[in-house]
Amino acid sequence: MADREERRFAEVSRDSVKLMAEGAGVELGDDLAALLAEDVCYRLREATQLPVHEACKEEETDCGRL
Numbered sequence: 001m002a003d004r005e006e007r008r009f010a011e012v013s014r015d016s017v018k019l020m021a022e023g024a025g026v027e028l029g030d031d032l033a034a035l036l037a038e039d040v041c042y043r044l045r046e047a048t049q050l051p052v053h054e055a056c057k058e059e060e061t062d063c064g065r066l
């Protein structure tokens with residue numbers, strides 16, 4: 001149970017989003033970059049949790065260890 005409390009998630013900073021956008025030739029304001037960074041973090045968590053959820057459906061998998 002302690003492992004679940006110590007979970008960490010990937011975070012993409014506002015500055016990283018701005019640098020990626022500038023590399024693609026798009027200028028973003030700070031507010032929009034912050035919103036996009038938040039959405040990217042959410043999508044990363046969602047994408048990484050789906051395989052875990054699917055694995056937990058299998059009878060042989062101990063979900064407590066994932």
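Quick note on UniProt numbering: the sequence shown kicks off at 1 and runs consecutively. Every residue, glycine too, gets a C-beta built ideally from N, C-alpha and C.
Look at residue i and residue j and say whether their C-beta atoms are less than 8 Å apart.
i	j	result
alanine 21	glutamate 27	yes
arginine 45	aspartate 30	no
Just verifying my parser: in three-state terms, what is the DSSP assignment at residue i?
i	result
glycine 25	coil
serine 16	helix
proline 51	helix
arginine 8	coil
glutamate 38	helix
glutamate 58	coil
Going by C-alpha distance, which of the options is nearest residue i?
i	options	result
leucine 32	Val17, Gly23, Ala24	Val17
leucine 36	Leu19, Ala55, Gln49	Leu19
Given 8 Å as the limit, is there contact between the region 6-15 and the region 36-44, that is, 3 or more CB pairs closer than that?
Yes: at least three Cβ pairs fall under 8 Å.
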